[in-house]
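This report concerns only the one structure given below.
Residue numbers (the working numbering): 6 to 249.
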């Protein structure tokens, strides 16, 4: 019985020792965060228009929608500097109580350009056959990537400066990073100008004046640091705190 008890104690002691060691390694840790932000001009105008047609059968409705969208795509491709793609083709039954009385087909058209004047003029033309769903400004990918790279460097530098300040304030000589994360997901959505299912306007209508505005991009860095001394001066602090 005594032999069995001794064996059990010997088996348990290594685990106890590991637990104590792991706990002692977690001293002098501080959780920090820092961020960098920049106001950046919205340089990309984005529009979404759609064609919709209702008919007695689905094929007729689809044919009319395809005709309108193909016409719009051809018009957009005539102008340099405008990106165009089709979205969301849908067909659905139209009911009169429980009886199907027709079919409705619709499809959206996505347009974007850094030249708001060109895109505004194109939109005025396309509204002869299409209706507006959304129109707004956003930051272009190239401008956003350049800004986020700069902000990431600034946020990391701010985090390291805050870590040094914390080490000094607590009386330590230096720090090491235990874990860190970078969040640059704070990218604002397009700034809306027009929303909702608008009726098609006349093709010769003058394009609306649209203010681009600006967006704020933010990068944040958060993590845990461990404070330590390069040389042991006694105790757990490098500098004796003043008692005055």
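Using N, Cα and C, we set each Cβ at its ideal position, and we do this for glycine too.
Outcome for residue 53 when other beta-carbon atoms lying within 10 angstroms are tallied against a minimum of 16:
Numbered from 1 along the chain shown, position 48 holds the residue referred to as residue 53. Counting Cβ neighbours within 10 Å, residue 53 comes out buried, since at least 16 surround it.
For residue 114, list the residues DSSP reports as bridge partners.
Within the chain shown, the letter at position 109 stands for residue 114. Bridge partners of residue 114: 54 and 91.
Check whether residue 228 and residue 186 have beta carbons under 8 Å apart
For the purposes of this step, residue 228 is identified with residue 223 of the chain shown, where counting begins at 1. For the purposes of this step, residue 186 is identified with residue 181 of the chain shown, where counting begins at 1. Yes, the Cβ-Cβ distance between residue 228 and residue 186 is below 8 Å.
Continuous alpha helix (DSSP H) stretch holding residue 141: start and end
Here residue 141 corresponds to residue number 136 of the chain shown, with the count starting at 1. Note, residue 141: premise wrong, no alpha helix (DSSP H); beta strand (DSSP E) at 136-143.
Option in 116, 166, 133 and 189 with minimal Cα separation from residue 140
Taking the chain shown and counting its residues from 1, one reaches residue 140 at position 135. Of the candidates 116, 166, 133 and 189, the one whose C-alpha sits nearest the C-alpha of residue 140 is 116.
By the 10 Å Cβ neighbour count, where 16 or more other Cβ atoms means buried, how is residue 114 classified, buried or exposed?
Residue mapping note: residue 114 aligns to position 109 of the chain shown, counting from 1. By the 10 Å Cβ count, residue 114 comes out buried.
Residue nearest to residue 136 in terms of C-alpha spacing, selected from 221, 68 and 56:
As a first step, residue 136 is located in the chain shown; it is residue number 131 there, counting from the start. When only C-alpha atoms are compared, the closest one is 56.
If you draw a straight line from the C-alpha of residue 93 to the C-alpha of residue 112, how long is it?
Counting from 1 along the chain shown, the entry for residue 93 is found at position 88. Counting from 1 along the chain shown, the entry for residue 112 is found at position 107. Each residue's Cα considered, the two are about 5 Å apart.
Cα separation between residue 46 and residue 222?
As a first step, residue 46 must be located in the chain shown, where it is residue number 41. As a first step, residue 222 must be located in the chain shown, where it is residue number 217. Those two C-alpha atoms are separated by around 10 Å.
Buried or exposed for residue 105, please, with buried defined as at least 16 other CB atoms from any protein chain shown within 10 angstroms of its CB.
Taking the chain shown and counting its residues from 1, the one referred to as residue 105 is at position 100. So residue 105 ends up on the exposed side.
Sorted by chain position, which residues of the same chain lie with C-beta nearer than 7 Å to residue 182's C-beta, five sequence neighbours on each side aside?
For the purposes of this step, residue 182 is taken as residue 177 along the chain shown, with counting starting at 1. These residues qualify, in order along the chain: 228 and 230.
By Cβ distance, which residues of its chain are closer than 8 Å to residue 33, with the 5 residues on each side in sequence left out?
Taking the first residue of the chain shown as 1, we reach residue 33 at position 28. Closer than 8 Å at the Cβ level, and outside the excluded window around residue 33, lie 175, 177, 231, 232, 233 and 241.
Can you tell me which residues form a DSSP beta bridge with residue 100?
Counting from one through the chain shown, the residue named residue 100 turns up at place 95. When beta bridges are read from the DSSP output, residue 100 appears opposite 105.
Counting only runs of 3+ residues fully inside the stretch 122-185, write out the beta strand (DSSP E) ranges in chain order.
136-143
Just mark residue 64 as buried or exposed, buried being the case when its beta carbon has 16 or more other beta carbons within 10 Å.
Taking the chain shown and counting its residues from 1, the one referred to as residue 64 is at position 59. It is exposed - the Cβ of residue 64 has fewer than 16 other Cβ atoms within 10 Å.
Measure the Cβ-Cβ separation of residue 109 and residue 66 and say whether it is below 8 Å.
The count along the chain shown starts at 1 and reaches residue 109 at position 104. The count along the chain shown starts at 1 and reaches residue 66 at position 61. Residue 66 sits close to residue 109, with the two beta carbons spaced by under 8 Å.
Please report the distance separating the alpha-carbon of residue 118 from that of residue 124.
As a first step, residue 118 is located in the chain shown; it is residue number 113 there, counting from the start. As a first step, residue 124 is located in the chain shown; it is residue number 119 there, counting from the start. C-alpha separation (whole angstroms): 6 Å.
From residue 27 to residue 179, what distance separates their C-alpha atoms?
Residue mapping note: residue 27 aligns to position 22 of the chain shown, counting from 1. Residue mapping note: residue 179 aligns to position 174 of the chain shown, counting from 1. The predicted position of residue 27 is uncertain, since its pLDDT is 46 and thus under 50; a value taken from the coordinates is nonetheless stated next. For the pair residue 27 and residue 179, the Cα-to-Cα distance works out to about 21 Å.
Looking only at C-alpha atoms, which of 38, 87 and 36 sits nearest to residue 126?
One-based indexing of the chain shown puts residue 126 at position 121. Residue 87 is the option with its Cα nearest to residue 126.
For residue 35, collect the residues of the same chain with a Cβ closer than 6 Å to its Cβ; drop the 5 residues on either side in sequence, then sort them by chain order.
Your numbering for residue 35 matches position 30 in the chain shown. Only 171 and 230 meet the Cβ criterion.
Indicate the three-state DSSP secondary structure (helix, strand or coil) for residue 47 in the structure shown.
Taking the chain shown and counting its residues from 1, the one referred to as residue 47 is at position 42. Residue 47 carries a coil assignment under DSSP once its states are collapsed to helix, strand and coil.
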